[in-house]
Amino acid sequence: MQFCKWGGILQGIFTSKVRRSLRRALSILFTISVVGLLLWRASPQKILALFHRIIPAWLLLGGIIYGLTNCLRALRVFILCRREVPGVLVFLPVVFAQSFLNNLLPARLGEAAFIYFLHSKYRIKWGKGTALLAVARILDYEVVAFLFLLSGSFYLTRGWGNQGILLWWAGLILLCTSVFILFLPWLGKRMFSLVEVAFSNEPASSSWLRKLNAQLLVGFRYLSGADWRTVISPALFCSLFIWLGTFAWFHVFLAGLGFHTGFLEVVIGATFAVLSKALPWLTVGGLGAHESGWTLGFTLLGWDIQDAIASGFAVNLLVLLTSSIYGLLGLAWLQWSSKGFPDFEGS
0 MQFCKWGGIL QGIFTSKVRR SLRRALSILF TISVVGLLLW RASPQKILAL FHRIIPAWLL
60 LGGIIYGLTN CLRALRVFIL CRREVPGVLV FLPVVFAQSF LNNLLPARLG EAAFIYFLHS
120 KYRIKWGKGT ALLAVARILD YEVVAFLFLL SGSFYLTRGW GNQGILLWWA GLILLCTSVF
180 ILFLPWLGKR MFSLVEVAFS NEPASSSWLR KLNAQLLVGF RYLSGADWRT VISPALFCSL
240 FIWLGTFAWF HVFLAGLGFH TGFLEVVIGA TFAVLSKALP WLTVGGLGAH ESGWTLGFTL
300 LGWDIQDAIA SGFAVNLLVL LTSSIYGLLG LAWLQWSSKG FPDFEGS
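If you read the sequence shown in numbering that gives the first Met the number 0, its first letter stands for residue 0, the second for the next number, and so on.
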């Protein structure tokens, strides 16, 4: 019996290692395939030529805008935490690390790191951290859809084309998310009552399920107290400036590479890259996912496909470089910071 027990444990460890290795290999293979397909249409020499004519002042400005935008992300986390944590700056290294890891790791694993850092450093419970992140992402998508719709409305005064269909889809997304956000506090209260009754009537059969149930209750309790006036509305306003800043650094990086295009065109074209990269693709460093969306968006605006692909790669590499600088500083900050706040138990 003892032999069978240890055999099962070793088999589980081996299976877990095989899965991790297979996932890592698939990520690399998928990234190489997508990047290779894109480079088949635009040569690496064209991308290198963009870096040869780069303007350092524009890159510095883009890096500053990137840092300020992440300061706004830290402010949004502070607002969504209902200002229970002492100060905005405590969240700054977390959002720097999250952006860096999302850009570096496959399948948006930076999101999991964000929840982990909130729990390990600030003792915010897993359920609340997950709910907080979900609200932030809903706000992100709503604002991106709104900016896309607004920019497209101005752009389409030049004449309707394929963009008209895409604008209708963006409008549908905007409508759905707006309705969801509007009723979020009410929905949280209703769902919290239902989940609490369900869990109390059917106790979990294992300690793992009991812990999961407890964290689900924490998350729904957070949603039930997310007031529109004091939490959701300020966070939504903050999200608007976050995405204006994000599209601004895309615009500045393009200018540094020699592409002088309008800000509204950048919003429309880069939205496809943003939405593509937001999906949990198994790509390393976001390579392939960002460029695919970027190429689609800018070719719809009439760009030459080689320019669209080359600029997509160049901008993504600049974002990776910038996020690496801030992200490594953020990780170092987290490493040397205190363990957390003993008076804040992540309610």
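Even glycine gets a Cβ: it sits at the ideal position worked out from N, Cα and C.
> Do you know offhand how far L174's Cα is from S238's?
Replying inline: 17 Å
>> Alpha carbons only, please: which of Y140, F90 and S98 is nearest the one belonging to V178?
In response: Y140
>> Rounding to the nearest angstrom, what Cα-Cα distance links T294 and H259 in this structure?
In response: 17 Å
> Applying the criterion that 16 or more other CB atoms from any shown protein chain within 10 Å of the CB defines a buried residue, is F262 buried or exposed?
Replying inline: exposed
> Where does K124 sit, in a helix, a strand or coil, going by DSSP?
Replying inline: coil
>> Which of the three DSSP states is assigned to D303 in this structure?
In response: coil
> Using the rule of at least 16 other Cβ atoms within 10 Å of the residue's Cβ for burial, across every protein chain shown, is L91 buried or exposed?
Replying inline: buried
>> Give me the residue from L253, L71, A96 and R81 with the minimum Cα distance to F240.
In response: L71
> In terms of alpha-carbon separation, which member of L256, L49 and V265 lies closest to G244?
Replying inline: V265
> I think L49 touches L256, with their Cβ atoms under 8 Å apart; what is that distance to the nearest whole Å?
Replying inline: 5 Å
> When the Cα of L103 is compared with those of W302, L300, H289 and A307, which residue comes out closest?
Replying inline: H289
> Rounded to the nearest angstrom, how far is the Cβ of Y349 from that of F77, given a contact under 8 Å?
Replying inline: Outside the shown range of the chain, which is 0 to 346, sits residue 349, and nothing can be said about it.
>> Output needed for T298: all residues of its chain with C-beta closer than 6 Å, excluding positions within five of it in sequence on either side, in chain order.
In response: I304 and A307
> Taking the C-alpha atoms as reference points, what is the distance between L235 and L79?
Replying inline: 10 Å
>> Would F312 and I46 qualify as a contact pair, given that the criterion is a beta-carbon distance under 9 Å?
In response: yes
> Just the Cα atoms here: how many angstroms apart are F252 and G151?
Replying inline: 21 Å
> Is G292 near A272, with beta carbons less than 9 Å apart?
Replying inline: yes
> From L317, A112, R81 and L274, pick the residue whose C-alpha is nearest to that of T129; which is it?
Replying inline: A112
>> Just verifying my parser: in three-state terms, what is the DSSP assignment at F258?
In response: coil
> Excluding five sequence neighbours on each side, which residues of the same chain lie with their C-beta closer than 6 Å to the C-beta of G109?
Replying inline: Q97, L100 and N101
> Do you know how far the Cα of Q44 is from the Cα of F153?
Replying inline: 35 Å
> With a CB to CB cut of under 6 Å and the five nearest residues on each side skipped, what residues in its chain are close to F116?
Replying inline: V93
> Going by beta carbon distance, what residues of the same chain come within less than 7 Å of S322, once the five residues before and after it are set aside?
Replying inline: S98, F99 and N102
> CA-CA distance, G86 and R107?
Replying inline: 27 Å
> Does the Cβ-Cβ distance between Y65 and W248 come in under 9 Å?
Replying inline: yes
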